[in-house]
Amino acid sequence: MIRVAAIGDIHLGPGSAGVLRPAFDTLGDCADLLLLAGDLTRHGTREEARVVAEEVAGLPVPVVAVLGNHDYQSDQPDLVARELAAEGVHVLEGDCVTFDVRGVTVGIAGTKGFGGGFAGRSATEFGEPEMKAFIRYSRACADGLGRSLRELRTRGCGLRVALTHFSPVPDTLAGEPPEIYPFLGSYLLAEAIDEAGADLAVHGHAHLGTEHGMTGGGVRVRNVAMPVIDRAFAVYHLSPPTD
């Protein structure tokens, strides 16, 4: 059994340094890796990113992250990612990483993702240039996720996890005002996950949402925004395939 710990929307800053570290120090006893589902900082500054980096530095398990909209606020996501990478965090955007966990190759594919809405109530690539650009960006994120998941399949991964900030399904948004669903996720992410295949999808962003959901293709989806799971991290168990 592979144990995947995950948390998103921790929104750390200088005043919250050390808040999560005691819980993270227990990960070696209960998890095989830690996923960070975006919105790691409050305003996406280098100073805030340094706090996050120190919070996860030297943990007994690998750490994989995607950025969230808050991490883009100061228009320096590359600096945020660089601070995290300096402490060994694998920051993904349209790419993937693999780990050998007790003889099982576990692959993580990641993207921030973007909005646009869900089947029947979604924006389309039509009309004004601004609307076209919105959906093209959302599609590009989903395409990157799909490519990365397919790459993991070619690498022979026994387990594959899709890590995003925005949600791939409306299920895990239940509790949020329906009017803002288009700004919380996109069905394009779910299409990419179902077409390429995954064993679990993890996201954040929806603070008032619900933890459990599923894609149309039957992939488990989990909203790990901290206000939703109400703890330092949740742990999900994945069973490797048997020959």
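Residue numbers (the working numbering): -4 to 238.
Even glycine gets a Cβ: it sits at the ideal position worked out from N, Cα and C.
Supposed close pair residue i, residue j - CB separation, criterion 8 angstroms
i	j	result
T210	V164	6 angstroms
G23	V58	In fact, because the Cβ distance is near 12 angstroms, the residues do not count as touching under 8 angstroms.
A137	S181	7 angstroms
E43	G8	5 angstroms
A0	L35	Contact doesn't hold; Cβ gap of about 15 angstroms is too wide.
A118	L140	The pair is not a contact, with the Cβ atoms about 19 angstroms apart (cut-off 8 angstroms).
S69	G39	4 angstroms
H202	P222	4 angstroms
A60	L31	4 angstroms
A157	L168	Actually they are not in contact, since the Cβ atoms of A157 and L168 sit about 17 angstroms apart, beyond 8 angstroms.
G89	H200	Not a contact, Cβ separation roughly 18 angstroms.
Assigned exposure category for residue i - 16 Cβ within 10 Å defines buried
i	result
P72	buried
I130	buried
F109	buried
L188	Checking the sequence, you will find Ile at residue 188 rather than Leu. Its Cβ being crowded by 16 or more others within 10 Å, I188 is buried.
D66	buried
E120	exposed
V86	buried
G53	exposed
D4	buried
V14	exposed
E125	exposed
G213	exposed
T159	buried
E171	buried
E186	buried
R97	exposed
R217	buried
Residue from the options with nearest C-alpha to residue i
i	options	result
A114	D166, T36 and R37	D166
I(-3)	H6, C25 and G3	C25
A48	V75, K127 and P235	V75
A193	E125, H200 and L184	L184
P235	G10, A18, G13 and V99	V99
L233	T205, V197, R45 and D225	V197
R215	P222, L195, T205 and G151	L195
A229	G13, V14 and F19	F19
G153	D95, C91 and V223	D95
A191	L15, I175, L147 and E78	L147
C91	R45, E123, R142 and I224	R142
L79	N64, G102 and R41	R41
I2	P55, G122 and L62	L62
T205	S162, E174, L144 and T237	S162
T149	V101, K127 and H160	V101
Y248	R116, R134, T21 and V46	In this structure the chain extends from -4 to 238, so residue 248 is not present and cannot be described.
R77	R45, E123 and R97	R45
P55	R226, R16 and S133	R16
S133	L179, T21, R155 and P173	L179
Residue i (DSSP reduced to helix, strand or coil)
i	result
S143	helix
T167	helix
G10	helix
G23	helix
V47	helix
I2	strand
L31	strand
S234	coil
R116	strand
T36	strand
V59	strand
L195	strand
R215	strand
M209	strand
- Message: Runs of 4 residues minimum, wholly inside the segment 61 to 110: which ones carry the alpha helix (DSSP H) assignment?
- Response: Annotation: the segment 61 to 110 contains the following complete segments of the alpha helix (DSSP H) (minimum length 4 residues), in chain order: 72 to 80.
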